[in-house]
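The next block holds one structure in the form of C-alpha cells; read it before the comments.
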Amino acid sequence: MRRTPVAAALLGAVVLTTLTACGAAPEGAAGTDGKGAKSATAASAKDFGGMDALVKAAKQEGALHVIALPPDWANYGELIKAFETKYGIKVESENPDASSADEIAAVKSRKGQKRAPDVLDLGIAFARSGAEEGLFAPYKVEAWGKIPDAQKDADGRWYNDYGGYVSIGCDAKRIPNCPKTFADLLKPEYKGKVALNGNPTKSGSAFGGVYAAALANKGSFADIQPGIDFFGTLRKSGNFIPVESTPATVEKGETPISIDWDYLNAGYADQFKGKGVDWQVAVPTDGVYAQFYSQAVSKDAPHPAAARLWMEFLYSTEGQNLWLKGYARPVLLPAMTADGTADKTFVAKLPKVDGTPAFPASAELDKAKATLAEKWDKALS
Amino acid sequence: MSSATPTEGTAGGTRRRRRGPRTWLAALPLIAFTALAFGLPLGALLFGAVTRTDPATGATALTGEHLSRSLQGPYLGSLLGSVQLSALTALIGSVLGVLIAQAVVTSRSQALRSAVLTASGVLANFGGVPLAFAFIATVGISGVVTQLADLTSLGWNLYSFGGLAVVYLYFLIPLMVLVILPALDGLRPQWREAAQNAGAGGWQYWRHVGIPVLAPSLLGGFVLLFGSAFAAHATAAALVGGSVPLVTLKIADALSGNVMVGQENVALALGLDMILIAGLVMAIYLPLQRRSARWLR
C-alpha cells in the first residue's frame, strides 16, 4: 500500500518535468529570435531560403548531436568526419553502439534538453512506430524525388538511406570450401563454424539472417518459420555456434563463418586483409534478402538547422558515395547509376547480387517478428 | 557482510539493544536513502508493468497484459532458465566455496590464507565482458586450451548451459569463500575438542555442532550467490547471446533492441517478476536463518 503514493509522486514528477521541458524547449534549444523556431519547422531547404541559408543557420548552431552511429559501420566514421570538415560543425557522437530502441528512448527522455539527439538512424519498424508517435519532424531533402516511393514515408517523416543484403562471410584460411548458399551451411564439414552476428530477437541484421534463411527454405515474407527451423537444424547438427560475431571474433577466427550484412562482411575483408584473415563474402543465391535503415529528424532537435543540413549531406552525391565506399548500398544508387554520379570503383567492389530486392510489407514484418519472438528460443535450445 | 551478524552472535551477542526514539532517528538517513534509491525505481517499475500508454492519444490505462505476457511462452522459459542456472551454480558454488575455505582454515598457514583471500577478493569481482572473453580465449571454440587438449571431441561446449554454469562458478566460488571464511573462523577449536572428549566422531561433530552453527552463514552465502547469478547479465550476453534463455537477456532484448517494437513494459513486468522471485528466496531464507540463529544464543 505504501507504494501507491510513491508511484503517484513519481508520476507527478514525470508530468512536471515534461511540462517544464516543453516550456523550455523553444528558448533553450532553438534560439529566441524566431529564426530557431523557423528552423524547427522547416520541411525543406526552400523554407530556409535555399541551401546557402540552411548552411548559414546550421553553422550558427555549430553542433550536431547524434546517437548510435558506430564509426566502423557502413563508413559512418568517414561520413561524420567529412561533414565536420565541410561545414565546420562539430558532431557530438554519443553511445555509438546503441540500438534503435535506445534512440527512441533518448528522444523521449531528453525532450527539451541540449543533449537530445538531433537525427536518428533507425530500423524500419522503429521509424514507422516513431512516426506514429509523432516524434519526427517532416523534412524533405533536395533529392527527395529520387528516393523510390516504397522506401519513404509520404510525409517525409522518415526515409531509407542505406542498406545491404544478408551475406555469408567466410575465413578462407580456415575453411577450405567457403559456403555460398544457405543449403551449403548444413554440410557436416561446417560443424561448429557457423555464427550469426547477434540474437535475432534483438539485432536487426541477425533478424535479416533468419528472414533470408526462411526465403531459402520455401518460406516467404509472411512466413519466417522455415528460417527458424533452418537454424534449429543447424543447431542440432552442431554447425551453429551461438557466439555473436563481431570484428573481434572474426579476426580471432572464433566465428569462421558469419552471417551478416554484406557491407559489414565486406568491411571485415578490408580491415583484416593484413592480419592473416582471408575473409570472403557471398550473397547466398537461395535466400536473397535486403534491408535498409532509415533516417529521421527529431521533432525536438536542439540543433534543428544542423539536423536538416546533416540530412542534406547524407543524401548528397558526396554522402551517398561515402556509403558506397563502406560497401553499403545507398538508396539513391539506382538514380546515381543512371546519371553517372555513382563512384564506379566502389560499385565494382560490391558483392554481386542478381535481381532487384523486394521488401516485406509492414504487416508481414510484424507477423514475422511475433513468430520469431515466440519460437526462436525453443528452436535453439 | 552477512557473515558479520552470526559471528557476533557466536561471540556472545550484542544482539538485543534497547530501542528508543534516538536509535530510530539515527536510521532516518538510511531509510530516506532506501526509499529514494529503491522505492522510486520500484514504483516506476510497478507503474510501467501494470499500465499501457497509447502511442496515438497518450492516454494511460491499467492493464494486466504485460504481467501475464511476462509469465508466458519464451518469457516464462527465460525466468525458469535463470532460476535453474542460479540455483544450480549457487549450490555448487556454496559447497565448493565452503570446502576451500575450510581447507584454508584448517591448514593454519598464514601465507595460504592471505593468498586465497586476495585471489578471492579479485576473482569475486571479475565478471562481465572481460571474464567472458577470458573464457572465450582459453576454452572457446578456437581457444588455446580447447585446441591443445582437443576439448571439443570430449563434448565440451562453452556456449551452452553447462559452459555458462562453469563461467559463473568462476566468480561465485571466490564470493562464497569470502563470505564463509569469517564464519569458519568463528568455530572454536575448543568445541571440536569438547565434542571429541565426549566421544563424538568427525561426522557427529559437524552434524550436531559445526553445521548448525554455520547454517545462517551458509544460507546467507547461498542466497547471495543465487542473487549474483540471477542478476548477472553482461557475462551471459557476451557468451551465449540468445541461445540460453535467461531473464536478464530477455529484458535487454525487450528494452534495447533493433527488432521488437514497444516491448518496454513487458521488460518492466519481467523486472517485477525478478523482484518477486528474489523476494521469495528471501522469504524462505529469513525464517530459516532466524530458526538457526536461535541456537547461537
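Residue numbers (UniProt numbering), protein chains in the order written: chain A, 1 to 381; chain B, 1 to 297. Built from N, CA and C at the ideal position, the CB exists for glycine as well.
- Unbroken alpha helix (DSSP H) run spanning Arg113 (chain B), endpoints: Position 113 of the second sequence, counted from the start, is the residue given in the question as residue 113 (chain B). Here the alpha helix (DSSP H) through Arg113 (chain B) covers Gln110 to Ala124.
- Between the Cα of Phe133 (chain B) and the Cα atoms of B:Leu117, B:Ala237, B:Trp191 and B:Ala101, which residue gives the shortest distance? Taking the second sequence and counting its residues from 1, the one referred to as residue 133 (chain B) is at position 133. Out of B:Leu117, B:Ala237, B:Trp191 and B:Ala101, B:Ala237 has the C-alpha closest to the C-alpha of Phe133 (chain B).
- Query: I think Ala307 (chain A) touches Asp118 (chain A), with their Cβ atoms under 8 Å apart; what is that distance to the nearest whole Å?
  - Reply: Position 307 of the first sequence holds residue 307 (chain A). Position 118 of the first sequence holds residue 118 (chain A). Sure, about 4 Å apart at Cβ, within 8 Å.
- Can you check whether the CB of Trp376 (chain A) is closer than 8 Å to the CB of Pro200 (chain A)? Numbered from its first residue, the first sequence carries residue 200 (chain A) at position 200. Numbered from its first residue, the first sequence carries residue 376 (chain A) at position 376. Result yes, Cβ atoms of Pro200 (chain A) and Trp376 (chain A) sit closer than 8 Å.
- Message: Just to make sure I have the definition right: I need the residues of chain A whose C-beta is within less than 8 Å of the C-beta of Ser70 (chain B). Which are they?
- Response: One-based indexing of the second sequence puts residue 70 (chain B) at position 70. Neighbours of Ser70 (chain B) on chain A: none; closest Cβ ~13 Å, over 8 Å.
- By how many angstroms is the C-alpha of Leu131 (chain B) removed from the C-alpha of Val167 (chain B)? Taking the second sequence and counting its residues from 1, one reaches residue 167 (chain B) at position 167. Taking the second sequence and counting its residues from 1, one reaches residue 131 (chain B) at position 131. Approximately 8 Å, taken between the alpha carbons.
- With distances taken from CA atoms, which of A:Phe272, A:Lys218 and A:Ile224 is nearest Glu364 (chain A)? Walking along the first sequence from the start, residue 364 (chain A) turns up at place 364. It is A:Ile224 whose Cα lies nearest to the Cα of Glu364 (chain A).
- Is it true that the CB of Pro174 (chain B) sits closer than 8 Å to the CB of Ala111 (chain B)? Within the second sequence, residue 111 (chain B) is the residue found at index 111, counting from 1. Within the second sequence, residue 174 (chain B) is the residue found at index 174, counting from 1. No. Outside cutoff.
- Query: If you count every other CB in all the chains shown that lies within 10 Å of the CB of Pro41 (chain B), and 16 or more means buried, which is it?
  - Reply: Here residue 41 (chain B) corresponds to residue number 41 of the second sequence, with the count starting at 1. So Pro41 (chain B) counts as exposed.
- Give the interface partners of Pro200 (chain A) over in chain B, defined as CB-CB distance under 8 Å, in chain order. For the purposes of this step, residue 200 (chain A) is identified with residue 200 of the first sequence, where counting begins at 1. Under the 8 Å cutoff, chain B gives Gly242 and Val259.
- Collapsed DSSP secondary structure at Ala195 (chain A) in the structure displayed: On the first sequence, residue 195 (chain A) is found 195 positions in, with the first residue counted as 1. Here Ala195 (chain A) sits in strand by DSSP.
- Message: Tell me which residues share the same chain as Leu214 (chain B) and place their Cβ nearer than 6 Å to its Cβ, disregarding the 5 neighbours each side in the sequence.
- Response: Residue mapping note: residue 214 (chain B) aligns to position 214 of the second sequence, counting from 1. So the list reads Ala183, once near-sequence residues are dropped.
- Message: Just to check my reading of the structure: Ala165 (chain B) and Leu276 (chain B) have Cβ atoms closer than 8 Å, yes? What is that Cβ distance to the nearest angstrom?
- Response: As a position in the second sequence, residue 165 (chain B) is number 165, starting the count at 1. As a position in the second sequence, residue 276 (chain B) is number 276, starting the count at 1. No, Ala165 (chain B) and Leu276 (chain B) are not in contact; Cβ-Cβ is about 24 Å, not under 8 Å.
- Continuous beta strand (DSSP E) assignments of at least 3 residues falling wholly in the region 125-187 of chain B: none
- Task: Quick one: give me the first and last residue of the beta strand (DSSP E) that Thr51 (chain B) is part of.
- Result: For the purposes of this step, residue 51 (chain B) is taken as the residue at position 51 of the second sequence. It spans Thr51 to Thr53 - the beta strand (DSSP E) in which Thr51 (chain B) sits, taken as one unbroken run.
- Message: By the three-class DSSP mapping on this structure, what secondary structure does Phe231 (chain A) have?
- Response: As a position in the first sequence, residue 231 (chain A) is number 231, starting the count at 1. Phe231 (chain A) falls in the helix class under three-state DSSP.
- Message: With H, G and I counted as helix, E and B as strand and the rest as coil, what does DSSP make of Thr371 (chain A)?
- Response: Stepping through the first sequence from its first residue, residue 371 (chain A) is reached at position 371. Of the three classes helix, strand and coil, the one that applies to Thr371 (chain A) here is helix, per DSSP.
- Item | Where Ser256 (chain B) meets chain A, residues with beta-carbon distance less than 9 Å | As a working note, residue 256 (chain B) is residue 256 in the second sequence. Simply Ala98, Ser99, Ser100, Ala101, Asp102, Ala105 and Lys202.
- Message: Cβ closer than 7 Å: which chain A residues qualify as neighbours of Gly140 (chain B)?
- Response: Counted from its first residue, the second sequence places residue 140 (chain B) at position 140. Here the neighbours are Glu254.
- Message: So Tyr162 (chain A) and Arg329 (chain A) are supposed to be a Cβ contact under 8 Å. How far apart are they, rounded?
- Response: On the first sequence, residue 162 (chain A) is found 162 positions in, with the first residue counted as 1. On the first sequence, residue 329 (chain A) is found 329 positions in, with the first residue counted as 1. That belief holds up - the Cβ atoms of Tyr162 (chain A) and Arg329 (chain A) are roughly 7 Å apart, short of 8 Å.
- beta-carbon Glu312 (chain A) near the ligand ZN non-hydrogen atom, thresh 7 Å: Inclusion of the ligand ZN in the displayed structure is not the case, the ligand content being empty and no account of it being possible.
- Query: So, using beta-carbon positions, are Lys219 (chain A) and Pro226 (chain A) closer together than 8 Å?
  - Reply: Locating residue 219 (chain A) in the first sequence gives position 219, counting from the first residue. Locating residue 226 (chain A) in the first sequence gives position 226, counting from the first residue. In the sequence on display, residue 219 (chain A) carries Gly and not Lys. Yes, they are a contact pair.
- Task: Assign Leu268 (chain B) to one of two classes, buried (16 or more other C-beta atoms within 10 Å of its C-beta) or exposed (fewer than that).
- Result: Numbered from its first residue, the second sequence carries residue 268 (chain B) at position 268. When all chains shown are included, Leu268 (chain B) counts as buried.
- Query: By Cβ distance, which residues of its chain are closer than 8 Å to Arg3 (chain A), with the 5 residues on each side in sequence left out?
  - Reply: Translated into positions along the first sequence, residue 3 (chain A) becomes position 3. The pLDDT assigned to Arg3 (chain A) is 36, lower than 50, so where the model puts this residue is not dependable, and the model offers no usable value.
- Message: Closer than 8 Å is the cut-off here; do at least three beta carbon pairs connect the region 283-302 of chain A with the region 158-177 of chain A?
- Response: yes
- Query: In whole angstroms, what separates the C-alpha of Tyr263 (chain A) from that of Gly164 (chain A)?
  - Reply: Residue 263 (chain A) sits at position 263 when you count from the first residue of the first sequence. Residue 164 (chain A) sits at position 164 when you count from the first residue of the first sequence. About 6 Å.
- Message: Between A:Leu350, A:Thr337 and A:Lys275, which has its C-alpha nearest residue 385 (chain A)'s C-alpha?
- Response: Since the first and last residues shown for chain A are 1 and 381, residue 385 (chain A) lies out of range.
- Task: Might you give, ordered along the chain, the residues of its own chain that have their beta carbon closer than 7 Å to the beta carbon of Arg115 (chain A), omitting 5 neighbours on each side?
- Result: The residue given as residue 115 (chain A) occupies position 115 in the first sequence. Same-chain partners within the cutoff: His65.
- Is it the case that the Cβ atoms of Val244 (chain B) and Gly77 (chain B) are separated by a distance below 8 Å? Your numbering for residue 244 (chain B) matches position 244 in the second sequence. Your numbering for residue 77 (chain B) matches position 77 in the second sequence. No, the pair does not count as a contact, with Cβ atoms beyond the cut-off.
- Task: Give the DSSP-derived three-state secondary structure of Trp73 (chain A) in the structure shown.
- Result: Taking the first sequence and counting its residues from 1, one reaches residue 73 (chain A) at position 73. Note: Trp73 (chain A) maps to coil in three-state DSSP.
- Item | Candidates A:Phe207, A:Tyr190 and A:Leu324, of which the one nearest Thr345 (chain A) by Cα | Indexing the first sequence from 1 puts residue 345 (chain A) at position 345. Checked all of A:Phe207, A:Tyr190 and A:Leu324; the closest Cα to Thr345 (chain A) is A:Leu324.
- Item | Classification of residue 299 (chain B) by the beta-carbon crowding that lies within 10 angstroms, buried from 16 upward | Nothing about residue 299 (chain B) can be reported from this structure: the residues present for chain B run from 1 to 297 only.
- Quick one: is Phe126 (chain A) near chain B, going by C-beta distance under 8 Å? Here residue 126 (chain A) refers to the residue found at position 126 of the first sequence. Closer than 8 Å: yes.
- Query: Does the count of Cβ pairs from the region 67-76 of chain B and the region 196-208 of chain B closer than 8 Å reach three?
  - Reply: no
- Less than 8 Å between the CB atoms is what I'm expecting for residue 441 (chain A) and Leu135 (chain A), so what's the real figure, rounded? This structure gives no information on residue 441 (chain A), because the portion of chain A shown stretches from 1 to 381.
- Item | Backbone CA spacing between Asp260 (chain A) and Gln289 (chain B) [nearest angstrom] | Sequence index remark: in the first sequence, residue 260 (chain A) carries index 260 (1-based). Sequence index remark: in the second sequence, residue 289 (chain B) carries index 289 (1-based). Asp260 (chain A) and Gln289 (chain B): Cα-Cα distance of roughly 52 Å.
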